[in-house]
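*Asks:*
Number of protein chains: 2
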Amino acid sequence: MKESTPITMKDIARELGVSVATVSRALKDSPRISEKRRELIKNYAREHNFYPNFIAETLRNSRVKPVKIIGVIVPQFTHFYFSSILSGIEEEASARGYRIMVAQSNEKYEREVDICKSFFENKVCGVIVSQAKDTAKYDHFQSLIDHGVPLVFYDRICTGVDCSRVVVDDYMGAYTAVNHLIDTGCKRIAFYGFSMRLEITKNRYNGYRDALLNNGLQLDSRFVKYCDNRADAEAITPEILSMEDHPDAFFAVNDDTAIGVLYTAKRMGFHIPDDISICGFTNGQRAIACDPMLTTVEQRGVVVGEEAANILIGQVEGLIPSDKVEKRIVRTSLIIRGTTR
Amino acid sequence: MKESTPITMKDIARELGVSVATVSRALKDSPRISEKRRELIKNYAREHNFYPNFIAETLRNSRVKPVKIIGVIVPQFTHFYFSSILSGIEEEASARGYRIMVAQSNEKYEREVDICKSFFENKVCGVIVSQAKDTAKYDHFQSLIDHGVPLVFYDRICTGVDCSRVVVDDYMGAYTAVNHLIDTGCKRIAFYGFSMRLEITKNRYNGYRDALLNNGLQLDSRFVKYCDNRADAEAITPEILSMEDHPDAFFAVNDDTAIGVLYTAKRMGFHIPDDISICGFTNGQRAIACDPMLTTVEQRGVVVGEEAANILIGQVEGLIPSDKVEKRIVRTSLIIRGTTR
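Residue numbers (UniProt numbering), protein chains in the order written: chain A, 1 to 341; chain B, 1 to 341.
1) In whole angstroms, what separates the C-alpha of A/N254 from that of A/N229?
2) From the DSSP output, read off the bridge partner residues of B/R328.
3) Under 8 Å, with one C-beta from each stretch per pair, do the segment 139-149 of chain B and the segment 72-87 of chain B reach the 3-pair mark?
4) Use the C-beta contact count for B/H271: other C-beta atoms within 10 angstroms, 16 or more gives buried, fewer gives exposed.
5) So is A/T332 buried or exposed if we call it buried at 16+ other beta carbons inside 10 Å?
6) Please go through the same chain and pick out, in chain order, the residues whose beta-carbon is closer than 6 Å to the beta-carbon of B/Q131, but skip the five residues on each side of it.
7) Using a Cβ cut-off of 7 Å, which residues of the segment 87-105 of chain A contact any Cβ in chain B, in chain order?
8) Return yes when the Cβ of B/V297 is within less than 9 Å of the Cβ of B/G280, no when it is not.
9) Locate the beta strand (DSSP E) running through B/P101, then write down its first and last residues.
10) Please state the DSSP three-state secondary structure of residue 342 of chain B.
11) When the Cα atoms are used, what is the spatial distance from A/E239 to A/K187?
12) Do B/A309 and B/I73 come within 9 Å of each other at the CB atom, strictly closer than that value?
13) Quick one: which residues of the segment 285-312 of chain A get their C-beta closer than 7 Å to a C-beta of chain B? List them in chain order.
14) Sorted by chain position, which residues of the same chain lie with C-beta nearer than 6 Å to A/P273's C-beta, five sequence neighbours on each side aside?
15) Is B/L213 buried or exposed, if buried means 16 or more other CB atoms sit within 10 Å of its CB?
16) To the nearest angstrom, report how far apart B/T184 and B/A211 are at their CA atoms.
17) Identify the contact partners of A/P66 in chain B, using a Cβ-Cβ distance below 9 Å as the criterion.
18) Could you tell me which chain A residues have their CB closer than 8 Å to the CB of B/F251, listed as they occur along the chain?
19) Could you confirm whether any beta carbon from chain A is found closer than 9 Å to the beta carbon of B/T22?
20) Return no unless some Cβ of chain B is closer than 9 Å to the Cβ of A/K42.
21) Tell me the DSSP bridge mates of B/F153?
22) Spell out whether any CB of chain B is found under 9 Å from the CB atom of A/Y154.
23) Between B/R32, B/C125, B/E92, which has its C-alpha nearest B/V303's C-alpha?
24) Measuring straight from C-alpha to C-alpha, what distance separates A/A26 and B/V113?
25) Among the candidates B/A231, B/H180, B/A21, whose CA atom is the shortest distance from the CA of B/N215?
26) Going by CA-CA distance only, name the one from B/S277, B/T282, B/V152 that's closest to B/I200.
27) Answer yes or no: does any C-beta atom of chain E fall closer than 9 Å to that of B/I200?
28) With a Cβ-Cβ cutoff of 9 Å, do residue 386 of chain B and A/F80 count as a contact?
29) Compute the beta-carbon to beta-carbon distance between A/R204 and A/A174, rounded to the nearest angstrom, for a pair I have assumed lies under 8 Å.
30) In whole angstroms, give me the CA-to-CA distance for residue 387 of chain A and B/T135.
31) Quick one: measure Cβ to Cβ for residue 342 of chain B and B/V168, integer angstroms, because I've assumed they're closer than 8 Å.
32) Quickly, what does DSSP pair A/C279 with across the bridge? List them, please.
33) Once DSSP output is grouped into helix, strand and coil, what is the label at B/F141?
34) Which residues in chain B have a C-beta closer than 8 Å to the C-beta of A/T78? List them in chain order.
35) Contact criterion: CB-CB distance below 9 Å. Does B/Y263 meet it with respect to chain A?
36) Could you tell me which chain A residues have their CB closer than 7 Å to the CB of B/I259, listed as they occur along the chain?
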């Protein structure tokens, strides 16, 4: 695996008859060097296994300063939606010369406070956060803001502090999905959602309700359930599907719940989507692993993450006034697959 | 949303007739305070919405030092296995008073070099990394080691530098899976894997081969394919299943590929698992979203992450000699579900 002694910039410069500065600039894609010459130098470097000894460079150059660090709090890394958002944040941060420090709250208030504390001690330039389900006090967020550390919320917005945020268009996402169910002939549409305490449930419920009412359909409270995971969906759906006038469609606030409905209905002998239509919300990996594949609302987590990082960096760099509360809404889109007609 | 003025440690101390130091210690769960008294103080604090003003505390206390930072390089956040590992790293780091700085290489060598550079500039105490598929030169890793920054590899091990690592037991995982297929009556078992350049493919292939040979079965090279994703599996499987003596089982190196085989076989009219058995490797979210649910090898990403952080912190704190190459193997387990008999 050992390679021969790596060549240096000096070697390249001598070999190609240019200055070391020219080589250095060319390798950094500087526009001060003509494109032709840049390509020549880069190709030569590549062919001769040149790599810049960044550590020697860092040690030599006292002007090198650590990059700025953005603190990111994620409820749980293993949720696909959150990992998509993290990916978007990292992409945007990295492209603009920042690094991210991340921590997961595991939905615990105490951990969130602890994370804020250590982010502050580590002098992060700002914090991007989706709050824990557990969090009902906001002093730790307010403290950061009061001490000049800008905050941007994503997904789960803190209603207790007034600051910038990025959310998806939950209302339109739900409205469009339910409208599609109605357009394809469904008339008795059930709603499975999170606790109504959460903003996202309210907005999705309102979208569901308005789609029904605007299409002249009735809202049937027997079909509106607090249910946000597969196990619960598998537990409550048999009774609902045993009613004589059972729903002919389900709109669920996440894919996991929708998949619980899907397999329960299949087990009970219903054909999907002929007898029962199902629509989820997320468009994660599960949505294409199930059979048939799930119609769902794409939440575009990567874009949410990019927008959040974009606002934060804007505030850090003074492109957005620090006292401006920036609210961005990322549009969702309906992905039609096999669980709807 | 506003609450009444928060109480301070002083208030608690006065109310309970103890010193402020006692309150402070009790809230930090110090064993210097009796458990009974700790509970009393913590309950009082909880009931009166006390929260420690950590920022004032930090600003007041000049001895507060930033926590140490571990740099973590992940090929892609949105892969379920990698996000599980990241979760394990973060849990272990956080429990031991460290924070993590993370970046994704997106499978690009250049980005990996760049990340190493900025991690070094930000004075991380060590780096945990799974290398990019693209990486074939290792000087950036060697440089970090040479400059006293310990490295620990996970999952994709760099064979070009000699340092600590955590991998799963790929050989035994594959051996056990294929043995199960044979035990349940399968005789012609196909293998779908990554490029043989990768250590994990070699190890899984060897486990597959040995399970066949130890059970007196033949290795059939027509059934050994370079195929590591669903689209490719859907492209190549129809031809294989059209052979007269087609395989009666498939062992795939990840769940995604296994699911490609599953749905292709179903579409062609085969019954799963009666006609064809299928086993994957990962046990991610997809494995229980598909129908039937997938038999697969559980890789225990969280444990891999915890072990990696454990080694690194051990080296940083001198619990493990810095020149010792620590190799840990995390055992896999076979999860039997509906795609095998």
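Don't be surprised by glycine CBs; every beta carbon is placed ideally from N, CA and C.
*Replies:* Taking the coordinates as given:
1) Whole-angstrom Cα-Cα distance: 8 Å.
2) According to DSSP, B/R328 bridges with B/V166.
3) Because the criterion of three Cβ pairs below 8 Å is not met, the segment 139-149 of chain B and the segment 72-87 of chain B do not touch.
4) Under a 10 Å Cβ-count criterion, B/H271 is classified as exposed, with fewer than 16 other Cβ atoms of the shown protein chains found around its own Cβ.
5) Of the other Cβ atoms in all chains shown, 16 or more fall within 10 Å of the Cβ of A/T332; this residue is therefore buried.
6) Around B/Q131: R156, C158.
7) Listed in chain order, the positions of the segment 87-105 of chain A with a beta carbon within less than 7 Å of a beta carbon of chain B are S87, E90, S94, R99, I100, M101, V102, A103, Q104.
8) Yes, Cβ-Cβ distance for B/G280 and B/V297 is below 9 Å.
9) Here the sequence assigns Met to residue 101 of chain B, which means Pro is not the residue at that position. Unbroken beta strand (DSSP E) run through B/M101: 99-104.
10) Because chain B is modelled from 1 through 341, residue 342 of chain B falls outside the range shown and cannot be assessed.
11) Spanning the two alpha carbons is a distance of roughly 19 Å.
12) The answer is no: Cβ separation not under 9 Å.
13) Going along the segment 285-312 of chain A in chain order, one finds Q285, R286, A289, C290, D291 with a Cβ nearer than 7 Å to chain B.
14) These residues qualify, in order along the chain: T339, T340, R341.
15) In the assembly as shown, B/L213 is an exposed residue. Its beta-carbon has fewer than 16 other beta-carbons within 10 Å.
16) Using only the alpha carbons, I get a separation of about 13 Å.
17) Correct list: S118, E121, N122, K123.
18) The contacting residues do not exist; B/F251 stays about 19 Å from chain A at best.
19) Chain A contact via Cβ: absent.
20) At a cut-off of 9 Å between beta carbons, A/K42 makes no contact with chain B.
21) Note: B/F153 is bridge-paired with B/V129, B/R165 in the DSSP secondary-structure output.
22) Taking Cβ atoms only, chain B never reaches closer than 9 Å to A/Y154, which makes this a no.
23) For B/V303, the nearest C-alpha among the options comes from B/E92.
24) Approximately 18 Å between the Cα atoms of the pair.
25) Comparing Cα-Cα distances from B/N215 to each of B/A231, B/H180, B/A21, the minimum goes to B/H180.
26) Of the candidates B/S277, B/T282, B/V152, the one whose C-alpha sits nearest the C-alpha of B/I200 is B/T282.
27) The structure shown contains no chain E; the protein chains it does contain are A and B.
28) There is no way to answer for residue 386 of chain B, as the model of chain B reaches only from 1 to 341.
29) At roughly 4 Å, the Cβ-Cβ gap stays under 8 Å, so A/R204 and A/A174 are in contact.
30) Outside the displayed span of chain A (1 to 341) sits residue 387 of chain A, for which this structure offers no information.
31) Shown here, chain B extends from 1 to 341; a query on residue 342 of chain B therefore has no answer.
32) BP columns for A/C279 point to A/F251, A/T295.
33) B/F141 carries a helical assignment under DSSP once its states are collapsed to helix, strand and coil.
34) What A/T78 touches in chain B: F80, S83, S84, S87.
35) It does: the Cβ of B/Y263 has a partner Cβ on chain A nearer than 9 Å.
36) Neighbours of B/I259 on chain A, chain order: A289.
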